[in-house]
Amino acid sequence: MTTGEQREGLDREPAPSLHDDLVGTPTPSRPARPTWLPSYIPELQGLRGIAVLLVVLYHSHPRFQRTPFYSASLWGWTGVNLFFVLSGFLITSILLESREKPHYFRNFYARRALRIWPVYLLALAVCYLKADWFVGMPVAQAIRTAPWWAYLLFIQNLFHLDLPAGLGPTWSLAIEEQYYLLWAPLVRVLRKPWMLAGALATALIASPLFRTTHFVWITKTHTLTHLDGIAMGSLLALGLYTVAWGRRTWLILGLCAIVIGFTLAGTVAGGTAFLDSALTCGFGGAVLSSIAATGFRNPVNALLRRGPLPFYGRISYGMYMTHIMVFIYYGWFDARMDAYGTLGDLAVVAFRLAVCTAVATILWYGFESRILKLKRYFER
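Read in order, the letters of the sequence shown correspond to residues 1 to 380 in UniProt numbering.
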């Protein structure tokens with residue numbers, strides 16, 4: 001359900017209404033997409049755009065120190081949490097819709113590989129082949145310091161490794177790949193929705209508890225400490241596909257989760273192991289609200305459906321994977337702007353955003369979108 005998989009727009013759907021409450025068709029025994037929910041939800045593309053912009057601005061936060069935006073930029077890391085919730089919902093929706101169909105595993109993992117591996121391998125190749133620039137050491141030494149095998153197996157987040165700055169963002173990608181390696185078989189094998197819900201609830205509870213431990217083998221990016229976001233997204237999909245509530249009910253639930261989650265994140269949960277849990281609740285509410293209100297004509301939906309945010313959502317994967325390498329490559333521009341104080345800092349941020357956008361756009365239209373056409377051979 002990523003970009004390009006299903007292009008039916010909501011303009012072809014019947015006019016949405018909050019009175020669709022009686023239209024839900026899923027049942028606890030047979031998960032199914034609610035009839036009021038279209039196969040393509042453009043608002044989620046806008047949320048993905050917000051997520052990637054948050055991450056890019058966070059990695060530029062030192063440049064905001066002399067501006068009023070510094071405190072806000074420090075929260076940009078939460079974009080990863082939003083990515084996790086979105087990914088959990090979209091991928092679990094795919095799994096639930098296809099688990100009764102032939103070639104379940106082949107189609108899912110092949111499509112997942114086509115989406116993730118090409119850009120990922122390209123980033124690895126560029127980083128290592130130009131290791132003197134992106135890692136700060138010769139290629140041979142870079143391979144020993146940041147072993148290539150850990151990246152190929154998507155386990156770089158499980159070890160206390162010094163990740164090259166250019167490949168730093170790959171820790172979250174590793175978590176997603178490990179999660180879906182196990183989650184896809186569970187969706188296939190556990191036939192009762194309550195069993196799947198139990199597994200997801202366990203992940204939601206266990207993640208903050210693991211964050212409170214001091215086990216030497218748990219890294220800052222360990223999968224066990226970052227499961228709540230993906231589990232929340234998966235739980236949203238499971239709920240929508242099995243509980244026959246209408247969009248009004250889901251919308252109210254989502255709005256309540258936004259208020260509760262972000263209020264807790266800004267108060268009692270701040271600075272604790274439960275901060276990510278509170279953010280997961282808030283972002284889960286944002287995703288659920290966008291799903292339940294999809295197609296409505298209001299300023300928020302218009303912002304998420306059209307304009308720059310959905311565009312950034314489309315190119316988000318390439319931008320996420322390459323933005324730090326872009327920062328490093330154009331470090332000379334940063335150095336030249338240092339003499340201009342605050343204006344120089346803002347110029348650096350604007351320049352970084354412009355170049356990252358250009359690189360990700362070229363990557364999408366010239367590379368990613370062409371490879372994604374191969375997904376037609378692995379139709380769900």
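Ideal Cβ positions, reconstructed from N, Cα and C, are used throughout, including at glycine.
The beta carbon of A199 sits closer than 8 Å to the beta carbons of L186, L190 from its chain, once the five residues preceding and following it are set aside; these are given in chain order. The alpha-carbon of Y330 is positioned some 51 Å away from that of V243.
Here V80 is buried, its C-beta having at least 16 other C-beta atoms within 10 Å. Contact check between the segment 204-211 and the segment 140-152: fewer than three CB pairs, one atom from each, fall below 8 Å, which does not count as touching. The beta carbons of R48 and L86 sit about 6 Å from each other, so the pair counts as a contact at 8 Å.
With a cut-off of 8 Å on Cβ pairs, the segment 364-375 is in contact with the segment 110-119, counting three or more such pairs. Contact between L124 and Y151 holds: CB atoms are separated by about 6 Å, below the 8 Å threshold. Between the C-alpha atoms of I258 and C281 there is a straight-line separation of about 7 Å. In the three-state DSSP reduction, A244 falls in the coil class, being neither helix nor strand. For V216, the closest of G366, L346, P310, F159 by C-alpha to C-alpha distance is F159.
DSSP, read as helix, strand or coil, puts T280 in helix. The DSSP-derived three-state label of I143 is helix. Distances from the alpha-carbon of L238 to those of G88, W75, W36 put G88 closest.
Taking P118 as the centre and dropping the five residues before and after it, the same chain places the C-beta of I371 closer than 6 Å to its C-beta, in chain order.
Under a 10 Å Cβ-count criterion, N298 is classified as exposed, with fewer than 16 other Cβ atoms of the shown protein chains found around its own Cβ.
A residue is called buried once 16 or more other Cβ atoms fall within 10 Å of its Cβ, and H214, having fewer, is exposed. A distance below 6 Å between beta-carbons, with the five flanking residues on each side excluded, links W171 to the following residues of its chain, in chain order: N157, T221. Between the segment 251-266 and the segment 303-317 there are fewer than three inter-stretch CB-CB distances shorter than 8 Å, so the stretches are not counted as touching.
Sequence-distant Cβ neighbours of L236 in its own chain, meaning closer than 7 Å and more than five residues away, are F89, G284, V287, L288. F83 sits in a helix when the DSSP states are folded into three classes. When C-beta atoms of the segment 316-324 are compared with those of the segment 264-271, fewer than three pairs fall below 8 Å, so the two segments do not count as touching. L224 sits close to I218, with the two beta carbons spaced by under 8 Å. Contiguous alpha helix (DSSP H) elements confined to the segment 43-110 occur at 70-73, 79-98, taking only those with 4 or more residues.
In this structure, DSSP gives A273 a state outside helix and strand, which the three-state scheme calls coil. Looking at the backbone, the Cα of A292 and that of I91 are separated by about 18 Å.
In the DSSP assignment, R306 falls outside any alpha helix (DSSP H), carrying neither H nor E.
DSSP places I252 within a helical segment (H, G or I) once states are collapsed to three. In this structure P164 is in contact with F134, their Cβ atoms being roughly 6 Å apart against a cut-off of 8 Å.
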